[in-house]
Every structure is written in C-alpha cells, then in structure tokens.
Ligand code: B12
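Dropping the structure here:
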C-alpha cells in the first residue's frame, strides 16, 4: 500500500518499539497515529503489518529470539484490539465473511487483521484463526450459509490445502465466494488457484472485490436521514428532561423556531448549532448524530 511520509515515520517508530519489546512505545505510536487522523486500515496495513515483516527478517537472521518475536506479535495483537475499539464501522452490511488460516497454518495475525478490516467495512465477521481443518470449515460455512470465505496461508507448501478447501467450498449448494491469499502465494500464482474467485495478498483488493462480486453498494445514510435522526434524538433528550422547546432553545442560545425545524429534521443545522444543543443537553455531538 502507498504510505504517506508521516505513516512511514510512525512505522519506523513502531518497528523499533517491537524490536526492543517496548509495549508502551508501541501504544504511544498507535495513539499518535489515531490522534493524527490516520485511518484504522492505514495503521494496520501501513504501520503494523510492515513492522511485523521486519520482525520476521530480524528473526530469520538470528537477531531476534522466538520469545522476542512472540512478544512483538502479542504487542501487535493488543494494539489491533485497541484500534478496533476506537474505530467506527463504515456501515452495517448483512453479508457474512468467514476468515480462516488453512489447515497446518499457524500464523493468525493476518487472519485477525483481515477479519478486523472486514469488520471496519461493516461486514458480519466470523474469525476462525489458525490451522482450520478443511472439512470442519466447509461444515461451518454450509450451516451458516456465509456469503464469503477468506483463506490465508503464509507458505507455498499449503497452496494444495487451500485449493482443496476452495474447491469444496465452491461445491456447496449456496456457492460462497472464496478468496485465497497471504504471504505464501508466489507472484506467479496470483489469480491461479482452482476454486478461488480471487487470489491476492492485498486486503484492500479483497475488500473491493468482495463488494463488487456480492453486489454490495454503500448503504450510507443520506443527509435527510441523518438530519431526521439528529432531530428525533434532540427531541427525545429534551422530553426526557421535561423541557419545552423554548427552554432548550434558551439554554443553547438558539431561536425556538429554528429548534422546531431541527427537531423535524428539516434544518440543515450547522456544526456550531449542533454543538450548542449537545452542550445544553449534556451529551456529545457524536451521540446526537449516531445514537447507535
Ligand atoms: C509471527 C510469526 C510467526 C509466529 C506466528 C504467530 C501467530 N500466531 O500468528 C510463529 C512463531 C508461530 C511462526 C511460525 C512459523 N513461521 Co513464521 N513468522 C512470523 C512473522 C514474524 C510475522 C507473521 C505476521 O503476523 N505477519 C503480519 C501479517 C499481517 O502479514 P501477512 O501474514 O503477510 O499477511 C498480510 C498479507 O499477506 C495479507 N494476507 C494474508 N492472508 C491473506 C488472505 C487473503 C485472501 C488476502 C487477500 C490477503 C491476505 O494480509 C496481511 C496484511 O497485508 C513472519 C514474518 C513476515 N514476513 O510476516 C514470519 C514468517 C511468516 N514465518 C515463517 C516461517 C518459515 C515460519 C515457520 C515455518 C518457522 C519454523 N521453522 O517453525 C513456522 C511455521 C508454522 C506454521 N505451521 O504455520 C516465514 C515464512 C517464509 C515463507 N513464506 O516461505 C516468515 C515470512 C519469516 C521469514 N522471513 O522467514 N511464525
């Protein structure tokens, strides 16, 4: 993925933190990234994943012990959880994706990462993690009628296992879409595994292709719907307090007629006015816009 100079610098700091086993510095880097508005996808793919590749290289060259690698992996899993907690989903998609590492595959950071990326995109996600026997995977996908299955492998030795699983999944009556990918796919194999609808190592391409193949278009609410939601929420909170429109309008320093149109969802309210209402109602702007 293309990385901004800022993301590259954060990645260097994060890599140094992992290599020295410094979980606090790793957390500071992630907080810094979040505060600077770097998106969750960009933190995962532009900071955390490349840092783990460096960890792998250091381990391969004997500069890092297995214990130090485990520490780096677990620091990253923890940070991935923090980022997930701090991230709003783009929307809610009813389609379900099952994410699994194929049989024999012990690397599960990528599956956790991909599962979270689909979660951010709005999908219902079932994460199975490491070493998933093909027969059990197929049973689960059949029972749940999952729309999409993402299979991961980190070594070319497991391509046959992935192909076998993909072919069995494609033979299911409901015909799920199947993606295969990961560090174990040599460049020449990209696009060429029987049964797979996509062979790729790019989670971004997987997210895009999944939506295209399953015909999922954005369900983001229109401005009218959002104004209606905000209006109803303001009215609800006002009534909970037993306040009249005049009392809330005075508390927020707004005109009563203006407040009336806001409550009806007919006013393209300014952020400043919405903040005043949130303050007067002792709540946050986020809570007014998206009560959940
Ligand atoms: C941590 C780690 C381990 C840990 C795993 C911990 C865990 N529970 O996950 C442990 C210690 C268990 C381990 C074991 C082994 N490991 Co290891 N490990 C790593 C390390 C350092 C990080 C892996 C990781 O989490 N990367 C971060 C994730 C996010 O990156 P990723 O897996 O590449 O996934 C990205 C993409 O590939 C993509 N992706 C992944 N799957 C899919 C699927 C689809 C559909 C799509 C679209 C995209 C996609 O999305 C991710 C984000 O971009 C890597 C180094 C590296 N280069 O990654 C080595 C590495 C993967 N391991 C390696 C090896 C050799 C092994 C062992 C064979 C070592 C041994 N002799 O025992 C065993 C194999 C165990 C097994 N049977 O699977 C090699 C693999 C070499 C190869 N491919 O030929 C690597 C590359 C290290 C190296 N430089 O040599 N390992």
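Numbering (the numbering used here), first residue to last: 29 to 320. Quick reminder that beta carbons are idealized off the backbone N, C-alpha and C, glycines included. Nothing here was measured: the structure is a model prediction, and the numbers come from that model.
Query: Could you tell me whether any non-hydrogen atom of ligand 1 is closer than 7 Å to the CB of residue 189?; Result: no
Query: Going along the chain, which unbroken runs of the beta strand (DSSP E) with 3 or more residues stay wholly within the segment 87-172?; Result: 124-130 and 152-160
Query: By alpha-carbon positions, which one of 289, 285 and 279 ends up nearest to residue 304?; Result: 279
Query: Taking only the alpha-carbon atoms, compute the straight-line gap between residue 64 and residue 200 and give it to the nearest angstrom.; Result: 45 Å
Query: Among 82, 157, 143 and 152, which residue has its Cα nearest to the Cα of residue 100?; Result: 82
Query: In terms of residues, what are the limits of the beta strand (DSSP E) holding residue 180?; Result: 176-180
Query: If residue 54 and residue 96 are in contact, beta carbons under 8 Å, what's the gap, nearest whole angstrom?; Result: Going by Cβ atoms, the distance from residue 54 to residue 96 rounds to 13 Å, so no, they are not a contact pair.
Query: Cβ of residue 183 versus every heavy atom of ligand 2: is any distance shorter than 7 Å?; Result: Annotation note on ligand 2: not contained in the displayed structure, which lists ligand 1 as its ligands.
Query: Which of the three DSSP states is assigned to residue 209 in this structure?; Result: strand
Query: Under the criterion of a Cβ to heavy atom distance below 7 Å, does residue 133 qualify as lining ligand 1?; Result: yes
Query: Enumerate in chain order the residues of its own chain whose CB-to-CB distance from residue 131 is below 7 Å, with the five nearest sequence positions on each side excluded.; Result: 159, 160, 161, 162 and 189
Query: Spell out the partners DSSP gives residue 227 in its beta bridges.; Result: 208
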